[in-house]
Amino acid sequence: MNLVDLVNKNYLSANVEKFPDFKAGDNVSVSVRIKEGNKSRLQKFEGTVIAIKGNTKSIDGHFRVRKIAAGGFGVERIFPFHSPRVEEIKLVKRGKVRRAKHFYLRDRTGKAARIETDYSKK
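Numbering (the working numbering), first residue to last: -10 to 111.
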């Protein structure tokens, strides 16, 4: 085992085992640990997964979640799988999609930005 693999093994998160199996197009709720001063709290970020890079086994794998904020503009966040700040991920609903990356959602608003729900898988 080389030095890079040894360092990567030390930074693997134990929370990854508890994450559900999700893919691009699914609607997820991510609980993120936010530190404010000397206090910390959990904040939920709920939106559509528009891209996944790597997988839960790779140290550099991450997923990108997009939501529409209260002002009507889009907000995207990138969450590394092995980040200590990501506490849990809940699968809200499955999306019926035919592609792996959904960057086209950035240009769409309203009904055109919706993804159909996949009822065949539970």
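Even glycine gets a Cβ: it sits at the ideal position worked out from N, Cα and C. Since we're looking at a predicted model, the values are computed, not measured.
- Apart from sequence neighbours up to five positions away, the residues of its chain that approach VAL5 with a beta-carbon distance below 6 Å are THR45, PHE70, ordered along the chain.
- Around the CB of ARG22, fewer than 16 other CB atoms lie within 10 Å, so the residue is classed as exposed.
- Boundaries of the alpha helix (DSSP H) around VAL(-4): -8 to -1.
- Linking LYS24 to GLN32 through their CA atoms gives a straight-line distance of about 10 Å.
- Looking at the DSSP output, GLU76 sits in no beta bridge, so it has no partner there.
- Excluding five sequence positions before and after LYS12, none of the CB atoms of its chain fall closer than 6 Å to its own CB.
- By the Cβ rule, the stretch 51 to 63 does not count as touching the stretch -8 to 5, because fewer than three pairs are nearer than 8 Å.
- The beta carbon of ILE67 sits closer than 7 Å to the beta carbons of HIS51, ARG53 from its chain, once the five residues preceding and following it are set aside; these are given in chain order.
- ILE48 is not a Cβ neighbour of LYS90, given a cutoff of 8 Å.
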